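Protein chains in written order, with the working numbering: chain U, 82 to 541; chain A, 82 to 541.
Glycine included, C-beta positions come from ideal geometry on N, C-alpha and C.
Note that this is a predicted model, so its numbers are computed, not measured.
Worksheet for the structure shown next.
Written as structure tokens, this is what we have:
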């Protein structure tokens, strides 16, 4: 043992921790694209090796029907709580590549930030949690509590196989609650913890006209243009007020109480500053709700991609055979992925213009919306540690995004998930030039050490 | 001299003519994509060399502000007419490559057809015209009339620089009329000549939301989605009846007389067979007009491409920063490209949804709609030769497609353009698996020989 405290160890090893993170980010572990399958495996193996180096036990890369899950544990604190630490090693695709200032998989330090795909979501926060564990094991030779780790490889594709995996390994994963290294903090200047996340469901639409691409002069006016049909169909999904125009879409949406709307209204949020931060000319969305309400309390139906016909240089006078769109919805209690997809598919079939045929494919990996009770002890402790770290009261917020694990762990293990991530939501994850703040790497390690330490003291 | 007649020479050299065509098709002279610039130059040089081999004089590859024009002449028939033969050596892009049965630039014989990009549009018909010229020069050492040739390299991009080029070389190009090797015959089983073609104008639309791609969970509901805005905007371009919903679009459209509609109705056209031939489930378009009327007499507004967001495997939960569409209109008398673009741009600006900004780029190369007087002598002769060749009365038809040269030659040289092409409109030009019928190669050479011969006899 080193004679250092875990806190000292964590503070002095920042360069080493950052070095590990850089190596981790350099692995292009893109889960959605089969072209990266070997890199996914490499990402899992790297993580497993690092876990062993931290001093964790029973480190294993476990196969699933999709990408592998990396597991480990340290269970030598009898009578103390057991937590399950969750994170993911897969990342979003790097496209559009042309918009990155530096290559997405060549992590680069700039202005106190580490730039690279996955730096913030979720490789940085995973390395933070592991550094806290190493800080105990490398100094005191033991952890103040029992820890299990489950780092998955399919978070960016909706944790498609995690539900099956957790169900199958329910005994081995049993814990008091889940502490998640994923799920970004709302704002950099304010300690916050997310207690709710929206669900998600996804589908792909293909509209087909003629069997082959046609010359738009020779055939224009005779047959339907799938691009035109698709535009009309997609435009029908929202009404003039920005609300989703799909019959049944809002049927099971829980309306917030006046108190809930009031609490949301009390959260400091500068709409103009937000719009500047994303470079948007103005806000937009469903009429009758504030921006935070639209993002946190209301479901959405978003087009994530449209393609068909010619998109190269110059012009090509073609009526394409096919046109495509990708759609996802963010869901709020008590919507379900299945029922939402049902009513969208019915809407699309009912509104398909003449002259074309429609095919709808449901993407796997839907997720339920979730919410953690505000008095959960793991959540109260997280609030306390953040208040100590930042000297400000921790605000409970919601997430517009989806972390399907909340629903999975509750359903399969009967436990809640507390988010304790040091990623920040402005760090351009899912966009070019993703980054992770170095001060959050430093603060995160200390906060996780404090959390594990306090949780151990609460026992008995 | 060989002692053969031009007709015998043409008949016996079919293999050689086909060989030349195969070499020509193997050159990927795609005008729209700068990546093929060297191949464009190679296509022009190949054509020039072949013209010299045919016995033509003053063969020259002339630079323009765009791709080069290939010119040649033979002017040793005093007191005889002078015609300007038109064609083009550029081709459409080969995409989508996956749909080709054989590689687009490896010309392949199958079932009496030559498959390859440009085989029908317009390399086959150009080689037909040159073979007829060679047939005279290689047997009789002279042509029955004076001939000038202008084979351009920008037909597939709207003959963008042809207007300037013709204006600049108006003296050198002076002729009695233009005989065009471009402009496909309407049907394979019926001798037809097109006497009208639709004009064209093109634009590209970009809708921009936030400055960067955004995570659809974190931001969905807060800001506008450019794909959704673009769909709404594009859907607004047509009404429920399939008519263009752009104010002013139809203002200058000449309505056909009852006689004209009757004449069109008398043309044999099997709608069901047409739909089968393109594999379309049903016809579609502007209500209140027959399919032929929609294609020949009515203008269209077609989407040729839409792109934005993610289109790769799996899903990506992104709100893209930008969404794009390419649009072309087919114009009929007396619409003009400029006025049409004006009213579309006004419509787009007026209908742009909130939360996004709109930018519109007008593509160069618009073209006026044109029509040839039915009593033009060059047209009457073409009708006669086709009737002799196929033993059936030649039908005068219109083209849904655009051949901008009609307008250019009329405006700059004061002469009409007669279409005398042996391409057929079902030969999948502008689509995968373009082909040219070998029997049309054979018939075409004989018909062009006959045409030149008869035109020489008419003189004096």
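Residue nearest to residue 236 (chain U) within the set U:172, U:344, U:451, U:286 is U:172 (criterion: CA-CA distance).
Excluding sequence positions up to five before and after residue 146 (chain U), its CB lies within less than 6 angstroms of the CB of 242, all in the same chain and listed in chain order.
Distance from the CA atom of residue 342 (chain U) to the CA atom of residue 379 (chain U), rounded to whole angstroms, is 12 angstroms.
In this structure, the straight-line span from the alpha carbon of residue 203 (chain U) to that of residue 516 (chain U) is close to 11 angstroms. For residue 174 (chain A) and residue 185 (chain A), the gap between their C-alpha atoms comes out near 10 angstroms. Residues of chain A whose Cβ lies closer than 9 angstroms to the Cβ of residue 286 (chain U) do not exist; the shortest such Cβ separation is about 11 angstroms. Note that the C-beta distance between residue 158 (chain U) and residue 537 (chain U) is below 8 angstroms.
Look at the beta carbons and you see the region 288-303 of chain A touching the region 399-413 of chain A: at least three pairs across the two are nearer than 8 angstroms. Three or more pairs of CB atoms, one per stretch, sit closer than 8 angstroms, so the region 451-469 of chain A contacts the region 491-501 of chain A. Per DSSP, reduced to three states, the secondary structure at residue 402 (chain A) is coil, with no helix or strand assignment. Residue 440 (chain U) does not reach chain A, its nearest Cβ partner there being about 13 angstroms away, counting only Cβ pairs nearer than 8 angstroms.
Neighbours of residue 381 (chain U) across chain A, judged by C-beta separation under 8 angstroms: 297, 301, 302. Under the 10 Å beta carbon count, residue 306 (chain A) is surrounded by 16 or more other beta carbons and is classified as buried.
At a C-beta separation below 8 angstroms, residue 121 (chain A) has no neighbours in chain U, since its nearest C-beta there lies roughly 13 angstroms away. Residue pairing by DSSP places residue 122 (chain A) in no beta bridge whatsoever. For residue 532 (chain U), the enclosing alpha helix (DSSP H) starts and ends at 519-539. Taking C-beta atoms as the reference points, residue 110 (chain A) and residue 100 (chain A) fail to come closer than 8 angstroms.
The beta carbons of residue 281 (chain U) and residue 168 (chain U) sit no closer together than 8 angstroms. For residue 148 (chain A), no CB of chain U lies under 8 angstroms from its own CB, so it is not counted at the interface with that chain. For a cut-off of 8 angstroms, the C-beta gap from residue 421 (chain A) to residue 410 (chain A) is around 5 angstroms, short enough to register as a contact. Collapsing the DSSP output to three states places residue 510 (chain U) in coil.
Judged by DSSP secondary structure, residue 214 (chain A) falls within the alpha helix (DSSP H) whose first and last residues are 205-220. Along the length of the region 243-280 of chain U, whole alpha helix (DSSP H) runs at least 4 residues long occupy 243-249, 251-254, reported in chain order. Taking 4 residues as the minimum length, the alpha helix (DSSP H) runs contained wholly in the region 435-518 of chain U are 458-471, 486-494, in order along the chain. Annotation for residue 301 (chain U): no alpha helix (DSSP H) segment contains it, and DSSP assigns it neither H nor E. For residue 391 (chain A), no alpha helix (DSSP H) run applies, since DSSP gives it neither H nor E.
The count of Cβ pairs closer than 8 angstroms, one atom from the region 331-338 of chain U and one from the region 256-270 of chain U, stays below three, leaving the stretches out of contact.
When secondary structure is reduced to three states using DSSP, residue 282 (chain U) falls in the strand class. In terms of beta-carbon proximity, residue 407 (chain U) lines the interface with chain A, with at least one pair separated by less than 8 angstroms.
Looking at the backbone, the Cα of residue 273 (chain A) and that of residue 477 (chain A) are separated by about 6 angstroms.
For residue 153 (chain A), the uninterrupted beta strand (DSSP E) segment begins and ends at 150-155. Per DSSP, residue 355 (chain U) is one residue of the alpha helix (DSSP H) stretching across 352-359. Excluding the 5 residues flanking it on each side, residue 269 (chain A) has same chain C-beta neighbours closer than 6 angstroms at 505, in chain order. DSSP places residue 306 (chain A) in the coil class of the three-state scheme, outside both helix and strand. With its beta carbon at least 8 angstroms from every one in chain A, residue 432 (chain U) lies outside the interface. Note that the C-beta distance between residue 323 (chain U) and residue 303 (chain A) is not below 8 angstroms.
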